[in-house]
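Protein chains in written order, with the numbering used here: chain A, 1393 to 1575; chain B, 124 to 399.
For reference, the structure discussed in these notes is given below.
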């Protein structure tokens, strides 16, 4: 029992450290809801999406099964952190799908260099926001003006900040480089 | 004994999670709201602390002739005073009317019959700017439908209540409907221009539909929530910021109303609880 717990906390070589992941997502959710406003810009209070940066990190650094689990979990956290009309699900599904798509893309294209990481965060954010917006329309009348902020400006801000956060995230998760082999 | 391990394929995992996501998406909002309220209740301390730091930093980050913090403080005070003036003037006129009608009879002013519950905002409004969470709930006497004041103007109603937390639906939320009346300030007098229903339009604005163009509405007219259950006196809600002919129906006005309170900068709100 103790050995199993120790394994979960410390993680085996090459395996996902789930407790570290849970703590990281929880911290990011709280920061996104409260402290991210410190770096908000313009009158629309555009702030970087920490959970989007996490999504890109895990989608480019973990194995296929872990990516699916982490993407949906981060999406669920995003729905809790910044809900739309009190709904849960739009970001969970959109993050889950875009995370999985990014996983397939990162097997073909290397996302190690900073410009590539910037582009990956921006495109992932754009696609995820657009998908979440369409899913929200299934349940509620969504506002159109927010879509520009959510799909363009927020991912752009996250893309600028993101690459600088990937290193500390990698250190915390004990992941230093891509584990996967490309096709 | 060899341990039996179960391997789940990526496709199967994706299907299950997608199914889970869609179940959440189509679940009633009363259920999903409980997740948000539970999160706010569990982490209310770091969330409100972080929001406070965030607001303070934003206030002090801009360098102007008057510091941003000072400007925000003065602006909030000005808003409060203006809204207070609107409410008091409205109340005064009503009391004049009452005095004229019931001369000789003693009555307690309606305003004094109301009591307020002060609450702290735990989380900012959501992505669509339609609701926020406060740190008061059923245990503090909150119930669904109570009106919420910010800077002495109505900003929304209580939409979901748990024991120690509650959700406030803003007047600008697309599902919000409040009976209102439009008042024009003419010198010292207030003239009632129109009665209608204030509907949230998202984008931090609300609309007053179905007002015919023959009604005289102007930019700057004040919008009050009408006397109704839970609201003993009319209280100011917003100001008409746009009034043009409706593109779809030229016989009606397209009236845009902006709240008289900057919700993003609020730290505390007051909930109206009528005295019994």
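The beta-carbon is built from N, C-alpha and C at its ideal position, and this holds for glycine as well.
This structure is a prediction, so every number in the text was calculated from the model and none was measured.
Around the beta carbon of residue 206 (chain B), 16 or more other beta carbons sit within 10 angstroms, so the residue counts as buried. Per DSSP, residue 1560 (chain A) is one residue of the alpha helix (DSSP H) stretching across 1546 to 1564. Taking the Cα of residue 1531 (chain A) as reference, the smallest distance to any Cα among A:1481, A:1409, A:1408 is reached at A:1481.
Taking a 10 Å sphere around the C-beta of residue 1538 (chain A), we find 16 or more other C-beta atoms and assign the residue as buried.
Ranked by Cα distance from residue 1476 (chain A), the first of B:216, B:300, B:159, B:168 is B:159.
The residue among B:328, B:325, B:348 with its C-alpha nearest the C-alpha of residue 306 (chain B) is B:348.
Under the DSSP definition of a beta bridge, residue 1454 (chain A) lacks any partner.
Counting only Cβ-Cβ distances below 9 Å, residue 1531 (chain A) has contacts in chain B at 148, 149, 152, in chain order. Residue ranges of uninterrupted alpha helix (DSSP H) with 4 or more members, entirely inside the stretch 1500 to 1534 of chain A and ordered along the chain, are 1506 to 1529. Under the Cβ distance rule, residue 1477 (chain A) counts among the residues neighbouring chain B, one pair being separated by less than 7 Å.
In the structure shown, residue 214 (chain B) adopts helical secondary structure according to DSSP, grouped into three states. Collapsing the DSSP output to three states places residue 365 (chain B) in a strand. For residue 163 (chain B), the enclosing alpha helix (DSSP H) has its first and last residue at 152 to 165.
Per DSSP, residue 273 (chain B) is one residue of the beta strand (DSSP E) stretching across 270 to 273.
Within the DSSP bridge table, the entry for residue 149 (chain B) names no partner.
With contacts defined as CB atoms closer than 7 Å, residue 1425 (chain A) and residue 155 (chain B) fail to qualify as a contacting pair.
Taking 3 residues as the shortest admissible run, the stretch 262 to 345 of chain B contains the following complete beta strand (DSSP E) segments, listed from N- to C-terminal end: 270 to 273, 276 to 284, 289 to 293, 300 to 309, 312 to 323, 329 to 331. A contact is defined here as three or more CB-CB pairs under 8 Å, and the stretch 263 to 277 of chain B meets this definition with respect to the stretch 359 to 371 of chain B.
Judged by DSSP secondary structure, residue 1408 (chain A) falls outside any beta strand (DSSP E); it is assigned neither H nor E.
At least one CB of chain A lies nearer than 7 Å to the CB of residue 173 (chain B).
In this structure, DSSP gives residue 180 (chain B) a helical state, which the three-state scheme calls helix. Under the criterion of beta carbons closer than 8 Å, residue 335 (chain B) and residue 322 (chain B) do not qualify as touching, at roughly 17 Å. Against chain A, a Cβ distance below 8 Å from residue 145 (chain B) picks out 1481, 1485.
For residue 1466 (chain A), the nearest beta carbon of chain B is not closer than 7 Å to its own beta carbon.
Beta-bridge partners assigned by DSSP to residue 239 (chain B): B:395.
Residue 1483 (chain A) is bridged by DSSP to nothing; it lacks a bridge partner. Taking the Cα of residue 302 (chain B) as reference, the smallest distance to any Cα among B:283, B:286, B:267, B:354 is reached at B:354.
Look at residue 140 (chain B): its C-beta is under 7 Å from a C-beta on chain A. For residue 1444 (chain A), same chain residues with a beta-carbon under 6 Å away, outside a window of 5 residues either side, are 1517, 1550 in chain order. Contacts with chain B at 7 Å (Cβ-Cβ) do not include residue 1491 (chain A).
In this structure, B:269 is the residue among B:210, B:140, B:269 with its C-alpha nearest to the C-alpha of residue 289 (chain B).
In terms of beta-carbon proximity, residue 300 (chain B) stays away from the interface with chain A, with every pair separated by 7 Å or more. Residue nearest to residue 343 (chain B) within the set B:381, B:319, B:329 is B:381 (criterion: CA-CA distance). In the three-state DSSP reduction, residue 1460 (chain A) falls in the helix class (H, G or I). The closest CA to that of residue 1558 (chain A), considering only A:1493, A:1528, A:1508, A:1499, is found on A:1508. By the beta-carbon neighbour count (other beta carbons within 10 angstroms, threshold 16), residue 373 (chain B) is exposed.
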